[in-house]
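According to our numbering, numbering within the sequence shown proceeds without interruption in unit steps and concludes at 191.
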Amino acid sequence: MKTAPLGHRNRQTIRSAMVVAAFVAAGTAALSMPSAQAVTGSAQVTPASAAQCEGGANGFVDISDSLSGTIPGPAGSYKRYGQTGHVRITLEYGTVSGAQRGWAKIDGGTFPGDRVWMDRTQDGGSTWLQCGPFTVGSNGASKTSAAKNTSGSSLWRFRACGDFTGESGYVCTNWW
Numbered sequence: 016m017k018t019a020p021l022g023h024r025n026r027q028t029i030r031s032a033m034v035v036a037a038f039v040a041a042g043t044a045a046l047s048m049p050s051a052q053a054v055t056g057s058a059q060v061t062p063a064s065a066a067q068c069e070g071g072a073n074g075f076v077d078i079s080d081s082l083s084g085t086i087p088g089p090a091g092s093y094k095r096y097g098q099t100g101h102v103r104i105t106l107e108y109g110t111v112s113g114a115q116r117g118w119a120k121i122d123g124g125t126f127p128g129d130r131v132w133m134d135r136t137q138d139g140g141s142t143w144l145q146c147g148p149f150t151v152g153s154n155g156a157s158k159t160s161a162a163k164n165t166s167g168s169s170l171w172r173f174r175a176c177g178d179f180t181g182e183s184g185y186v187c188t189n190w191w
């Protein structure tokens with residue numbers, strides 16, 4: 016018997032159901048995974064639109080959506096599994112325009128409307144600038160945030176965050 020291909024909404028529903036089932040099956044252990052964190056607290060967040068982080072604005076540098084760098088260990092990556100495979104949100108760093116810079120990336124089984132952004136702090140996480148969000152435009156496409164210089168200071172830190180089309184809430188990697 017032939018069946019019609021799944022539409023976008025049906026894939027979203029199946030992906031959401033599979034994610035919920037995976038978390039229920041894993042119990043509370045899934046909530047304590049070291050690779051992602053819930054974002055709560057009273058820190059001051061300064062949102063910056065994608066435009067405030069593009070074209071060299073505020074010291075950010077535009078990069079290719081296909082650029083890959085080094086992921087700083089398991090704390091720099093979050094994976095979500097679904098109908099189209101995994102979606103991965105990563106914090107990455109590498110040499111861009113002659114300097115070491117960090118950026119956020121989403122790739123894998125993405126859907127249009129999935130988003131990624133990078134949070135950057137210069138005071139150890141008490142306050143931070145949210146650079147983005149940057150929105151995925153087509154199925155399976157990668158998307159990056161703009162890149163920002165890194166620093167040897169323990170107060171300068173980055174994390175990658177994202178959210179998924181048709182799902183509430185968002186996830187972030189740990190600070191690096």
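All C-beta atoms in this analysis are idealised placements derived from N, C-alpha and C, irrespective of residue type, glycine included.
If I follow the unbroken beta strand (DSSP E) through residue i, where does it start and stop?
i: Leu-144; result: 142-150
i: Asp-178; result: 172-178
i: Asp-134; result: 130-136
Leaving out five residues before and five after residue i in sequence, what residues of the same chain have Cβ atoms less than 6 Å from its Cβ?
i: Pro-87; result: Trp-191
i: Asp-138; result: Leu-170
i: Gly-147; result: Ala-65, Trp-132 and Ser-160
i: Thr-180; result: Phe-126, Gly-128 and Asp-129
Counting only the same chain and skipping the five closest in sequence on each side, list residues whose C-beta sits under 7 Å from that of residue i.
i: Leu-82; result: Thr-159
List the residues that DSSP assigns as beta-bridge partners of residue i.
i: Ala-162; result: Val-76
i: Thr-125; result: DSSP lists no partner for Thr-125.
Quick one: grab the DSSP three-state call for residue i.
i: Ala-156; result: coil
Enumerate, from N- to C-terminal direction, the unbroken beta strand (DSSP E) stretches of 3 or more residues contained entirely within the segment 74-122. 92-97 and 100-111
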